[in-house]
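First the structure, in the form of structure tokens, and then the observations on it.
Residue numbers (the working numbering): 2 to 117.
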């Protein structure tokens, strides 16, 4: 597999789409990378593992971290205003914190980061 075969699934449609009127820049970047010989070369296994770990990290962990932050902000908003809502949101935050602070999760995350 070449770099483009690994990079395109990781990037999704970002290599095709133009946002905020930058279509010329996207087209120029695609043309530039098409001329590079290493774009079609095989990439090392370690690099493939790196990109797959990065994709997994971005798809599976980042949304969870954002959701936990939202629960914490919601709990702080309802503290002193509506204790029932506060307890619900703070309880959700504590559940996430229990998982994210567990040694098993941290060991797995450290192992994944060590692979890259």
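Glycine included, C-beta positions come from ideal geometry on N, C-alpha and C.
8 angstroms CB neighbourhood of residue 68 in its chain, flanking five on each side removed
97
Just verifying my parser: in three-state terms, what is the DSSP assignment at residue 83?
coil
State the Cα-Cα distance for the pair residue 93 and residue 85, rounded to the nearest angstrom.
13 angstroms
Assuming residue 54 contacts residue 116 (C-beta within less than 8 angstroms), just tell me the rounded distance between them.
6 angstroms
Going by CA-CA distance only, name the one from 77, 34, 66 that's closest to residue 101.
66
For residue 104, the first and last residue of its enclosing alpha helix (DSSP H)
104–116
Can you give me the Cβ contacts of residue 90 inside the same chain, cut-off strictly under 6 angstroms, excluding the 5 residues immediately before and after it?
72, 75, 76
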